[in-house]
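In our numbering, the protein residues as written are 3 to 487.
Note that CB positions come from ideal geometry on N, CA and C, so glycine has one too.
Below you'll find the structure, written out as structure tokens, and then a few comments.
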Ligand code: SF4
Ligand code: SF4
Ligand code: SF4
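Next up, the structure:
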């Protein structure tokens with residue numbers, strides 16, 4: 003047999019311009035069908051790339067620092083199972099939420115959305131606030147009981163909405179959570195009612211929830227773009243009134259590229275100086291619900307915010323001060339804590355090798371450091387979604403972790419005013435949704451039928467719309483509540 007002559011020159015193998023990192027599952031941003039997805043590394047960035055048979059290819063930026071993304075794998079702590087699950091494995095993740103028995107972590111923080119209405123109408127609102135439902139006191143009490151059945155000893159409940167402060171029973175709901183022994187109860191608010199309503203402020207001062215205050219920046223233009231109106235004076239008034247009654251506040255900033263990403267350093271510095279503020283939480287804008295037009299290849303990610311803080315705080319922070327949170331999937335959140343006293347600012351990772359204690363892959367021993375288990379336990383509690391900025395517990399854990407390196411004394415009530423938390427959280431949207439992350443989610447939304455649905459599933463997969471539609475059309479008490487009782 004004679005070989006066939008080539009008709010052209012030798013074929014040349016072509017190199018790709020990306021590294022194929024892993025295969026996972028995601029959803030189609032258009033029809034929400036569950037589809038395969040690839041994580042690829044390209045130009046030191048990380049993208050999620052996927053194809054829906056009906057709607058074609060999609061690609062979204064999930065991290066603008068591939069080195070940081072890959073290195074975060076070391077901070078993946080083994081999960082802790084909840085006492086009960088609420089659903090069965092049936093259609094596969096993320097269609098069985100939840101939690102179903104395939105979930106890999108219990109819930110550190112549960113949200114209860116008490117209503118869908120709001121006293122603002124922001125152009126950026128992942129909850130797509132508007133007409134819909136308002137939960138009854140009885141429903142909320144049953145949801146709190148259900149949380150205790152699921153978790154045994156839950157740590158944090160956050161009341162959210164819509165705008166929870168316009169619910170007439172919101173402070174009774176906070177009291178109901180506290181009466182059940184839940185140590186940290188938060189209200190997630192835009193601040194409008196606190197800024198205006200003296201009687202409400204007086205009640206807040208009595209009940210003392212932690213206030214999770216939407217606070218996107220210090221420039222009027224930021225509010226005009228993100229909230230549709232200039233809210234700066236109202237936000238500052240709200241904060242000063244909370245300082246006046248000594249109620250702790252965490253500032254929560256939605257960060258959008260080209261709008262307020264230049265303000266992240268100023269926000270940290272402002273927060274550390276303000277007497278009411280115990281921490282700042284930065285959340286790159288989540289493109290679910292209502293949002294401005296956006297390019298999924300240019301979205302903000304955790305490293306963008308982190309680099310912004312480093313560049314805009316004049317040497318106060320370095321990249322290594324921020325460490326991934328191990329209780330959830332470690333690409334979901336990074337934290338740091340600082341001791342601050344006037345001009346002194348000491349990030350905890352400068353006095354302790356936090357990254358070594360929280361490295362679960364090499365699990366290296368640190369023989370030169372005494373009390374390893376105590377320090378590790380304290381750090382795991384600080385680097386957790388259940389850590390609440392400004393709590394005496396966080397101050398005690400900070401003090402325990404520092405040990406002799408920084409003699410802070412034992413008075414947690416005094417110390418908590420000097421401990422400042424910075425958290426960066428990147429909630430997923432239908433472009434960036436990664437089943438691998440949501441399977442280890444530790445932030446859940448309680449719904450009246452007894453399910454606890456991982457927050458990013460709730461926002462991206464269609465659960466929010468289903469729950470809202472059922473709640474909006476229900477007769478009171480008509481939903482069956484799952485319970486072992
Ligand atoms: S996210 Fe968790 S609860 Fe939801 S389907 Fe996946 S494994 Fe189950
Ligand atoms: S983002 Fe918050 S304050 Fe703005 S409309 Fe939505 S729920 Fe209301
Ligand atoms: S809410 Fe989303 S970003 Fe946060 S831990 Fe859960 S999956 Fe991760």
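- Message: Under 6 Å, CB to any heavy atom of ligand 1. Which residues pass, going along the chain?
- Response: 95, 96, 98, 99, 100, 101, 102, 104, 105, 440, 441, 456 and 459
- residue 360 beta carbon less than 8 Å from that of residue 77: Walking along the chain shown from the start, residue 77 turns up at place 75. Walking along the chain shown from the start, residue 360 turns up at place 358. Yes, these two residues count as a Cβ contact at 8 Å.
- DSSP three-state assignment for residue 225, whether helix, strand or coil: As a first step, residue 225 must be located in the chain shown, where it is residue number 223. Correct three-state label for residue 225: helix.
- Task: Could you pull the start and end residues of the alpha helix (DSSP H) that residue 16 belongs to?
- Result: The sequence position of residue 16 within the chain shown is 14, counting from 1. From DSSP, residue 16 is part of no alpha helix (DSSP H); its letter is neither H nor E.
- Message: At the level of alpha carbons, what is the spacing between residue 482 and residue 91?
- Response: For the purposes of this step, residue 482 is taken as residue 480 along the chain shown, with counting starting at 1. For the purposes of this step, residue 91 is taken as residue 89 along the chain shown, with counting starting at 1. For residue 482, the pLDDT reaches just 49, beneath the cut-off of 50, and the residue's location in the model is therefore unreliable, although a value from the coordinates is still provided. Near 20 Å, if we compare the C-alpha coordinates of residue 91 and residue 482.
- Message: If I follow the unbroken beta strand (DSSP E) through residue 252, where does it start and stop?
- Response: Residue mapping note: residue 252 aligns to position 250 of the chain shown, counting from 1. Here the beta strand (DSSP E) through residue 252 covers 251-257.
- So is residue 22 buried or exposed if we call it buried at 16+ other beta carbons inside 10 Å? In the chain shown, counting from the first residue as 1, residue 22 sits at position 20. When all chains shown are included, residue 22 counts as exposed.
- Item | Sheet register partners of residue 59 (DSSP bridge) | If you number the chain shown from 1, residue 59 lands on position 57. Paired residue(s): 53.
- Taking C-alpha atoms, which residue in 125, 342 and 281 lies nearest to residue 296? On the chain shown, residue 296 is found 294 positions in, with the first residue counted as 1. Residue 296 has its Cα closest to that of 125, out of 125, 342 and 281.
- Message: For residue 370, count the other beta carbons within 10 Å of its own beta carbon; 16 or more makes it buried, fewer makes it exposed. Which is it?
- Response: Sequence index remark: in the chain shown, residue 370 carries index 368 (1-based). With a pLDDT of 47 at residue 370, under the threshold of 50, the predicted position of this residue should be treated as unreliable, though the coordinate-derived value follows. Answer is exposed; the Cβ neighbour count stays below 16.
- Item | Cβ-heavy atom distance, residue 335 to ligand 5, below 7 Å | With respect to small molecules bound, the structure shown includes ligand 1, ligand 2 and ligand 3 and not ligand 5.
- Message: Let me confirm a value: residue 50 is counted as buried when at least 16 other C-beta atoms fall within 10 Å, else exposed. Which label applies?
- Response: Counting from 1 along the chain shown, the entry for residue 50 is found at position 48. Burial call: buried.
- Return yes when at least one heavy atom of ligand 3 lies under 7 Å from the C-beta of residue 188, else no. By 1-based counting over the chain shown, the position of residue 188 is 186. The answer is no for residue 188.
- Message: Would the segment 119-133 count as touching the segment 173-180 if we require 3 or more Cβ pairs under 8 Å?
- Response: no
- Starting from residue 111, follow the beta strand (DSSP E) in both directions and report where the run begins and ends. Taking the chain shown and counting its residues from 1, the one referred to as residue 111 is at position 109. Segment 111-115, the beta strand (DSSP E) holding residue 111.
- Message: Using the three-state DSSP reduction, which class does residue 480 fall into: helix, strand or coil?
- Response: The residue you call residue 480 lines up with position 478 of the chain shown. Unreliable positioning characterises residue 480 in this predicted model, as indicated by a pLDDT of 47, which lies under 50. The coordinate reading is nonetheless provided below. Reduced to three states, the DSSP call for residue 480 is coil.
- Query: According to DSSP, is residue 433 helix, strand or coil?
  - Reply: Translated into positions along the chain shown, residue 433 becomes position 431. Correct three-state label for residue 433: coil.
- Query: So who's on the other strand from residue 286, going by DSSP bridges?
  - Reply: Translated into positions along the chain shown, residue 286 becomes position 284. Beta-bridge pairing links residue 286 to 257.
- Message: Is it buried or exposed, residue 458, if we count other Cβ atoms within 10 angstroms and call 16 or more buried?
- Response: Within the chain shown, numbered from 1, the residue matching residue 458 stands at position 456. Looking at its Cβ environment, which holds 16 or more other Cβ atoms inside 10 Å, residue 458 is buried.
- Task: Counting only the same chain and skipping the five closest in sequence on each side, list residues whose C-beta sits under 6 Å from that of residue 475.
- Result: Position 473 of the chain shown, counted from the start, is the residue given in the question as residue 475. Here the set comprises nothing.
- Are residue 160 and residue 113 close, meaning C-beta to C-beta below 8 Å? Reading the chain shown from its first residue, position 158 is the one you call residue 160. Reading the chain shown from its first residue, position 111 is the one you call residue 113. Contact flag set, yes.
- Query: From which residue to which residue does the beta strand (DSSP E) around residue 446 run?
  - Reply: For the purposes of this step, residue 446 is taken as the residue at position 444 of the chain shown. Where residue 446 is concerned, the enclosing beta strand (DSSP E) stretches over 445-448.
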